[in-house]
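Here is the structure we will look at.
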Amino acid sequence: MTSIRRWLLGWLIAGLGAAVLTAGYGIFHTARSEASELFDYELRTVALSLPASLTDGKSLEHRGPDFEDLAEDRLFIQIWGSAETPVYTSLGGIGLPRFPAGIRTIERQEVHWRVFGSRQGDRFVQVAQPVSVRNDLALRLALRTLWPLGVFFPAIILIVLVVVGRALSPLERISHALAARSLNSLAPLHLDRRSPVELEPLVNALNDLLNRLDIASRAQRTFVADAAHELRSPLAALKLQIQGAERDGSLTSSGTFERIKGRLDRMIHLVHQLLILAREDAPRADQFEVVSLRGLAERAVADASFLAGAKQIDLGLEFADPLLAVDPFNVHAETAGIEVLLDNVIDNAIRYTPEHGKVDVVLARSGAEVSITVVDSGPGIPEAELDRVCDRFYRSVGTKEQGSGLGLAIAARIALRHNAMLSLKNNKPGLGLSVVLTGLRSADKR
35 MTSIRRWLLG
45 WLIAGLGAAV
55 LTAGYGIFHT
65 ARSEASELFD
75 YELRTVALSL
85 PASLTDGKSL
95 EHRGPDFEDL
105 AEDRLFIQIW
115 GSAETPVYTS
125 LGGIGLPRFP
135 AGIRTIERQE
145 VHWRVFGSRQ
155 GDRFVQVAQP
165 VSVRNDLALR
175 LALRTLWPLG
185 VFFPAIILIV
195 LVVVGRALSP
205 LERISHALAA
215 RSLNSLAPLH
225 LDRRSPVELE
235 PLVNALNDLL
245 NRLDIASRAQ
255 RTFVADAAHE
265 LRSPLAALKL
275 QIQGAERDGS
285 LTSSGTFERI
295 KGRLDRMIHL
305 VHQLLILARE
315 DAPRADQFEV
325 VSLRGLAERA
335 VADASFLAGA
345 KQIDLGLEFA
355 DPLLAVDPFN
365 VHAETAGIEV
375 LLDNVIDNAI
385 RYTPEHGKVD
395 VVLARSGAEV
405 SITVVDSGPG
415 IPEAELDRVC
425 DRFYRSVGTK
435 EQGSGLGLAI
445 AARIALRHNA
455 MLSLKNNKPG
465 LGLSVVLTGL
475 RSADKR
């Protein structure tokens, strides 16, 4: 795993080191170049400042060219008069020929010299300096200019360590704050004034995640509480019926068994709806595919035909535009989810439609949008309750039909997952309710 601290320290120290080396290289060569120019200026100055009375009356004794005697003035001086031999040499044993006026670098007996010559009236002055001596002196001068870099580079590294540590300390504070929290604490994090603004997107994302976790946790607790409440009533009623039948000896009667069977069927239906709702609430990756909404509607109508036949209800599939009857109504959807939605809505319509009533499933298409409407001839829903019937476990007051109060809630949840909308409205004129699913995107090109 990559460490931000190590990454920052590595690149900062490496970058500063490269910058220091580059700066040192430039300073060193600049200092050497300036020292060389200074020494050339010294050669000119010495040559032009020699007194005119200087002669070779007492030249220095002969020595080898070890340059030890050049430690003070670092220069070798020669003066010529009208003769071919010099009238003055500052050091014996070093024989340099006379060069034309000007400054140049020459090689003599494997030794490089920097030589300056000047014509001064009837004499010629030549001042020479070994290049090795110049280089040594220039090197010492250049190195003296580099010692601040050598001293301050460790200080720069220390500053980088402190700055990086201080810059990452807000992350450590957030980590400690999260680690110190209890398992049940989902309160949002708060940035103090010392925290940098760059952490605000991270903290906002964490707070959004905590908020969603809190919503999911509260929904789970609500679901468990509602499920326990809804299961408690039929189980208690079933237990009371069995106990009463045991006391009066009617346990073997067909009426008692019918009531027990009805209670068990209601519990089975409730548990089935709870499992579907739990599956819809669980986070998962949507697996949409191209499906035929017409085919799913035909299958749902066929499955519900037995329940509709028992109540002599006219159940059918229609098309808003007869010319579209051959259109497959292909949409991008999840097959299982749309099947559950259609089954719940059609089953709900049949349950609340009186005998000899009518339930129609109507398919319609407008441009790239496909909709499906389930219209029944039942009693409808009071206008004040239309916005609440999709809530979990909500049932209208005075409802005699058995149910769990979860069918429309599951259908609304599936519609939301498909970026569609499930709406309810009472039929006008006349009785009945229309449940409309809109927003499904067609997969066909027209």
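Numbering (the numbering used here), first residue to last: 35 to 480.
For glycine and all other residues, C-beta sits at the position ideal for the given N, C-alpha and C.
All of these numbers come straight from a predicted model, not from anything done at the bench.
Exposed or buried, residue i, counting other C-beta atoms within 10 Å across all chains shown (16 or more means buried)?
{"i": "H452", "result": "buried"}
{"i": "G49", "result": "exposed"}
{"i": "G155", "result": "exposed"}
{"i": "E102", "result": "The predicted model places E102 with a pLDDT of 43, which falls under 50 and marks its position as unreliable; any figure quoted below should be read in that light. So E102 ends up on the exposed side."}
{"i": "D377", "result": "buried"}
{"i": "R168", "result": "buried"}
{"i": "W181", "result": "exposed"}
{"i": "G60", "result": "exposed"}
{"i": "S405", "result": "buried"}
{"i": "S37", "result": "exposed"}
{"i": "V185", "result": "exposed"}
{"i": "A270", "result": "exposed"}
{"i": "S400", "result": "exposed"}
{"i": "L243", "result": "exposed"}
{"i": "L450", "result": "exposed"}
{"i": "T387", "result": "buried"}
{"i": "G391", "result": "buried"}
{"i": "G350", "result": "exposed"}
Helix, strand or coil for residue i, going by three-state DSSP, please let me know.
{"i": "N26", "result": "There is simply no residue 26 to check, as the chain begins at 35 and stops at 480 in what is shown."}
{"i": "T387", "result": "coil"}
{"i": "E368", "result": "coil"}
{"i": "K462", "result": "coil"}
{"i": "L162", "result": "The identity of residue 162 in the sequence shown is Ala, whereas the question assumes Leu. Three-state result, A162: strand."}
{"i": "E76", "result": "helix"}
{"i": "T472", "result": "strand"}
{"i": "I111", "result": "strand"}
{"i": "E71", "result": "helix"}
{"i": "R39", "result": "helix"}
{"i": "E118", "result": "coil"}
{"i": "N453", "result": "coil"}
{"i": "S152", "result": "strand"}
{"i": "L130", "result": "coil"}
{"i": "S83", "result": "helix"}
{"i": "S124", "result": "coil"}
{"i": "R157", "result": "strand"}
{"i": "P230", "result": "coil"}
{"i": "V423", "result": "coil"}
{"i": "H210", "result": "helix"}
{"i": "R346", "result": "Here the sequence assigns Gln to residue 346, which means Arg is not the residue at that position. Reduced to three states, the DSSP call for Q346 is coil."}
{"i": "N218", "result": "coil"}
Can you tell me which residues form a DSSP beta bridge with residue i?
{"i": "V395", "result": "L351, V408"}
{"i": "A140", "result": "Correcting the residue type first, residue 140 is Ile in the shown sequence and not Ala. Answer is W147."}
{"i": "V325", "result": "V365"}
{"i": "L467", "result": "N460"}
{"i": "S6", "result": "In the structure displayed, the chain extends from 35 to 480; residue 6 sits before or after that span and is not available."}
Please work out which residues of its chain come closer than 6 Å, Cβ to Cβ, to residue i, disregarding the five sequence neighbours upstream and downstream, and give them in chain order.
{"i": "A52", "result": "none"}
{"i": "G278", "result": "none"}
{"i": "V54", "result": "L183, F187"}
For residue i, which residues of its own chain have a beta-carbon under 8 Å away from its beta-carbon, when the five flanking residues on both sides are left out?
{"i": "V194", "result": "L43, L46, I47, L50"}
{"i": "Q321", "result": "E368"}
{"i": "S198", "result": "Reading off the sequence shown, one finds Val at residue 198, where the question assumed Ser. If we look at V198 and ignore the five residues flanking it on each side, its Cβ neighbours are R39, L42, L43, L46."}
{"i": "F62", "result": "A176, L177, T179, L180"}
{"i": "S70", "result": "R168, A172"}
Please go through the same chain and pick out, in chain order, the residues whose beta-carbon is closer than 7 Å to the beta-carbon of residue i, but skip the five residues on each side of it.
{"i": "V324", "result": "N364, H366, A477"}
{"i": "G466", "result": "V409, D410, S411, G412, G414"}
{"i": "W114", "result": "P120, V121, R132, R157, F158"}
Just confirm the distance between the C-beta atoms of residue i and residue j, as a whole number of angstroms; I'd bet it's less than 8 Å.
{"i": "L223", "j": "A211", "result": "7 Å"}
{"i": "R78", "j": "F158", "result": "Going by Cβ atoms, the distance from R78 to F158 rounds to 15 Å, so no, they are not a contact pair."}
{"i": "S152", "j": "A86", "result": "Actually they do not touch by this definition, with Cβ atoms about 13 Å apart."}
{"i": "A342", "j": "V393", "result": "7 Å"}
{"i": "L440", "j": "I372", "result": "With a Cβ gap of about 17 Å, L440 and I372 do not count as contacting."}
{"i": "N382", "j": "L442", "result": "6 Å"}
Does residue i get closer than 8 Å to chain D when you measure Cβ to Cβ?
{"i": "G412", "result": "Absence of chain D from the displayed structure is noted, only one protein chain being present."}
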